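Undergrad:
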Amino acid sequence: MKKEQLQYPPLPPAVTGRLLDWYSMHRRDLPWRESTDPYRVWVSEIMLQQTRVAAVLPYYRRWMEALPDVAALAAVEEDRLMKLWEGLGYYSRARNLQRAAKVVMEDHGGRFPDTFEGLRALPGIGDYTAGAVASIAFHRPVPAVDGNVLRIAARLSALGEDILSPGGRRLFTDMVAELVPPDRPGDFNQALMDLGATVCLPNGQPDCGSCPLAALCAAHAAGRETDFPVKRKKQARRREEMTVYLLLREGRIALRRREARGLLAGLWEFPHIPGTLTEEEAAGPLDRWGLTPLQWRQRITARHIFTHVEWHMTGYLLEVRGTGADFTWADPAALETLAVPSAFAKYLEAAKAALAQRRPASSPS
Ligand code: SF4
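This is how it looks when you write it as structure tokens:
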């Protein structure tokens, strides 16, 4: 890291030692910490973006059983990949994992680049992930700065720079970079991650009584912990209403694939159209799809919140007959293999229940 004249008061150098001592006693026991294999570190870091540790654990285990190394990830079929990711959200992360795996296989002979810059050049790897993998797997003395670390740095320094602005991010990243020890960079970065996850918590009062850095923290000294970090106001989310169709035909349900680009790209979904329609209005598009309603069985409402948009959904479960040539008609077994995003979780559950009711009575129980 380039040493230049700092434009801010540096964080106390004693932070590093106290943090490492605390980490030796309190580190979280997590499956991806059992080795420093860059593949494992990388997959876990990507899964943990925007997702809680407890939610990631079963996905990580399943993923490592199915795809134990970068070669397996590069070669896996897309539907299988998406199925392994189903429910984690932000599906472009899974696609980028595979794109990067292919680059590692084709351009690097199956070995991960071992520098921050080399890792940063891979698809889907930003500064944080490159820093985490470079420091944990390759012992490079670089920081890994995410929202948790920005929050800690803002509180330690009690600086009111906006952590969401490029300038604020740069400032706090530089402050943390000064503290990374050359002998234990991976431990240092993981210690900050653990401190942010268990002690210096977001939203509400941090647990300063348990914090190894309390005596060095400017926000704590001033009793102003919750004034930091400063963030600009988020834009309000866009609201979208839609009518979802759970179309049952002879023991199968209609699905279609989403566009290859954009939100939830390439995943499977139940047909839907914009707007909230009454049952009578919802019958209109069936004709266009070559379908005739036989029995309207259920109305199900659901809501899903993404980062920038909220979906407010009204769904109809109904029996139909006809061609429905625009759709893939999935039986219960196919429904288990196709990746349907968690935005449709309530409808997926209803579809499975409806299909299960139709199972032949002669099936073994
Ligand atoms: S003393 Fe409190 S505010 Fe300061 S770093 Fe520790 S937990 Fe965070």
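In the working numbering, each number is its position in the sequence shown, counted from 1, plus 279.
Backbone N, C-alpha and C fix where the C-beta goes; we use that ideal spot for every residue, glycine too.
Model, not experiment: these values are computed from the prediction.
Grab me the residues of E562's own chain with a C-beta within less than 8 angstroms of its C-beta, minus the 5 sequence neighbours each way, in chain order.
TA: Here residue 562 refers to the residue found at position 283 when the sequence shown is read from its first residue. Looking at the sequence itself, residue 562 is Ala, so the reference to Glu does not match. Hits under 8 angstroms: P572.
Undergrad: Please confirm whether any heavy atom of the ligand SF4 lies closer than 7 angstroms to the CB of H499.
TA: By 1-based counting over the sequence shown, the position of residue 499 is 220. True, at least one ligand heavy atom lies under 7 angstroms from that Cβ.
Undergrad: For L458, tell me which candidate among A476, P289 and V322 has the shortest Cα-Cα distance.
TA: Looking up residue 458 in the sequence shown gives position 179. Comparing Cα positions, the closest option is P289.
Undergrad: On a Cα-Cα basis, can you pick out the residue from W321, G475 and V322 that is closest to R306?
TA: Here residue 306 is taken as the residue at index 27 of the sequence shown, counted from 1. Ranking W321, G475 and V322 by Cα distance to R306 puts G475 first.
Undergrad: Where E396 and P317 are concerned, what is the direct C-alpha to C-alpha distance, given to the nearest angstrom?
TA: Working through the sequence shown from its first residue, we reach residue 396 at position 117. Working through the sequence shown from its first residue, we reach residue 317 at position 38. Straight-line Cα distance between these residues: approximately 15 angstroms.
Undergrad: Below 8 angstroms between beta carbons: does that hold for L435 and L492?
TA: Sequence index remark: in the sequence shown, residue 435 carries index 156 (1-based). Sequence index remark: in the sequence shown, residue 492 carries index 213 (1-based). Yes, the pair counts as a contact, with Cβ atoms nearer than the cut-off.
Undergrad: Can you list, in chain order, the residues of its chain whose CB lies under 6 angstroms from that of F585, leaving out five sequence neighbours each side?
TA: Indexing the sequence shown from 1 puts residue 585 at position 306. There are no such residues.
Undergrad: Measure the alpha-carbon distance for D425 versus P481 and round it to whole angstroms.
TA: Here the question's residue 425 lines up with position 146 in the sequence shown. Here the question's residue 481 lines up with position 202 in the sequence shown. Approximately 13 angstroms between the Cα atoms of the pair.
Undergrad: Quick one: what's Q574 bridged to in DSSP?
TA: To locate residue 574, count along the sequence shown from 1; it is residue 295. BP columns for Q574 point to E598.
Undergrad: Thinking C-alpha only, which one of A400, R576, A432 and A609 is nearest W547?
TA: The count along the sequence shown starts at 1 and reaches residue 547 at position 268. Taking only the C-alpha atoms, the option nearest W547 is A609.
Undergrad: Touching or not, the segment 360-373 and the segment 528-539, by the rule of three or more beta carbon pairs under 8 angstroms?
TA: The segment 360-373 is not in contact with the segment 528-539.
Undergrad: Could you check the C-alpha separation between D462 and P292 for me, to the nearest Å?
TA: Mapped onto the sequence shown, residue 462 falls at position 183. Mapped onto the sequence shown, residue 292 falls at position 13. So the alpha carbons of these two residues sit roughly 15 angstroms apart.
Undergrad: Can the beta-carbon of G403 be found closer than 8 angstroms to that of L367?
TA: Walking along the sequence shown from the start, residue 403 turns up at place 124. Walking along the sequence shown from the start, residue 367 turns up at place 88. No, they are not a contact pair.
Undergrad: Do V320 and M326 have their CB atoms nearer than 8 angstroms?
TA: Your numbering for residue 320 matches position 41 in the sequence shown. Your numbering for residue 326 matches position 47 in the sequence shown. The answer is no: Cβ separation not under 8 angstroms.
Undergrad: Please list the segments of the alpha helix (DSSP H) lying wholly inside the segment 387-431, counting only runs of 4 or more residues, in order along the chain.
TA: Fully enclosed alpha helix (DSSP H) runs of 4 or longer: 395-399 and 406-417.
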